[in-house]
Each structure stands twice: as C-alpha cells, then as structure tokens.
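> Under the UniProt record's numbering, read the sequence shown as residues 1 to 164, first letter to last.
Backbone N, C-alpha and C define an ideal beta-carbon position, used for all residues, glycine too.
A quick note: this is a predicted structure, and the numbers were derived from the prediction, not measured.
Starting off with a structure, shown below.
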Amino acid sequence: AQKYGFRPFPNKIPKQYFDLLLNAVKGDGDKQLLPEWFKLDENAVAPQKESEPQESEASREWRGDAGPCYVLKSKAGINDKEWWPKFEAMQMALRAAACEVWKEETSEEALRDPERRHFAQRFIVSVTEEEFTRGLLRLGKDSKEKKRALVIKREFEGLEEAKD
Numbered sequence: 001a002q003k004y005g006f007r008p009f010p011n012k013i014p015k016q017y018f019d020l021l022l023n024a025v026k027g028d029g030d031k032q033l034l035p036e037w038f039k040l041d042e043n044a045v046a047p048q049k050e051s052e053p054q055e056s057e058a059s060r061e062w063r064g065d066a067g068p069c070y071v072l073k074s075k076a077g078i079n080d081k082e083w084w085p086k087f088e089a090m091q092m093a094l095r096a097a098a099c100e101v102w103k104e105e106t107s108e109e110a111l112r113d114p115e116r117r118h119f120a121q122r123f124i125v126s127v128t129e130e131e132f133t134r135g136l137l138r139l140g141k142d143s144k145e146k147k148r149a150l151v152i153k154r155e156f157e158g159l160e161e162a163k164d
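See below:
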C-alpha cells in the first residue's frame, strides 16, 4: 500500500560507525541528544573466530563489526509523550547522517538491490521491506517457499502523507 512502514534505528551501533555518524550529524541539539541516549558498551568483545555463517544469518555488513558498541538506553521512566519526539529526532538525524557517511551504500540503486546489504541500510529500510526481502527475494530460485508466496497489493484513498 502507500505506507512504507516503521523504520527504527538499530538499538546497538558499533563504536566505529557511531563515531562516524555522530560526526556527520548536522544539528547541535541532535549531536547532544544521541550521546545522551546511547551508552558505550566496551564489554562487547569481538570473537576470536567466527563460526561459518548459515544462509539465514545476516551478513557482517548488515550486523556491523563485533566489538565495542553504543547501546540505546532504556526508555523506562520516560513517558511516551516525551520519548517519541526524542526517538523521531534521533531517527531523522541518524538516517541523514547514514546517507551522508555512506552515500554509495544508501543510494537508490543499492537500496533496491536485494543482494546488497550494509549496516547503513538499517537506518533507511523499513521493517516490512526487510522482512519481505529476507523472506521472498533472498530465497533460492528453486525454493518451495518462493513458489508458495502470495503478494497482495492494496491501495487506500484518503490516507495522510507520512512525514518521514
């Protein structure tokens, strides 16, 4: 339908990516808001040897590097009226920064190619699109599941235009 879907930012961002993103954030308010809500976790240690990934596992580019990362703090103790404006400000700031830092990986061509995956796309691609891509487009051409897929296209009139 016409609504693209919810696009949350990752609640865990590798340190080297967070630093790049924070440097690319434009507004001073957003530059202060992100460190207020993301805390560095230096206990996340990279594994000595990664096991052989299974086809269903996300690629390293999608997950980001293992090691220290910034983790979104709990919103416990803050009401929804206070939280959602902060969430939306962080969402927009991180999305714009990701597009600035990773121009090629966030290009229209890269976003429409189901084979290309990069951590930057996690700020842009909706949950619905990711589920659809993972569930249908990445299946092998001889997959039974692909032959059983049903896509329903619906269009609604009178919906307000989404802001993001």
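1) Rounded to whole angstroms, what is the Cα-Cα separation between A58 and E130?
2) Who are the near neighbours of A93 in its chain, counting only those whose CB is closer than 6 Å to its CB and skipping five residues on each side?
3) If you draw a straight line from the alpha carbon of P114 to that of E108, how long is it in whole angstroms?
4) Determine the direct distance from the alpha carbon of E105 to that of L111, and round the result to whole angstroms.
5) Which class does Y70 belong to by DSSP, given the choice of helix, strand or coil?
6) Does DSSP put D41 in a helix, a strand or coil?
7) For the beta strand (DSSP E) containing K81, list its first residue and its last residue.
8) Which one of T128, T133 and W84 has the shortest CA to CA distance from R116?
9) Output needed for E55: all residues of its chain with C-beta closer than 7 Å, excluding positions within five of it in sequence on either side, in chain order.
10) Smallest Cα separation from L33: which of K12, Q91 and D41?
11) Where do the N-terminal and C-terminal ends of the alpha helix (DSSP H) with K15 fall, by residue?
12) Out of V71, F38, E82 and Y17, which one is the CA nearest neighbour of W102?
Put simply:
1) Below a pLDDT of 50, predicted positions are generally treated as unreliable, and A58, at 48, falls in that range; the measurement from the model is reported next regardless. One C-alpha to the other measures close to 11 Å.
2) V25 and D30
3) 12 Å
4) 7 Å
5) strand
6) strand
7) K81 -> not in any beta strand (DSSP E); alpha helix (DSSP H) instead, spanning D80 to V101.
8) T133
9) Low local confidence applies: a pLDDT of 39 at E55 is under 50, so the model's placement there is unreliable, with the coordinate-based value given in what follows. If we look at E55 and ignore the five residues flanking it on each side, it has no Cβ neighbours.
10) Q91
11) K15 to A24
12) Y17
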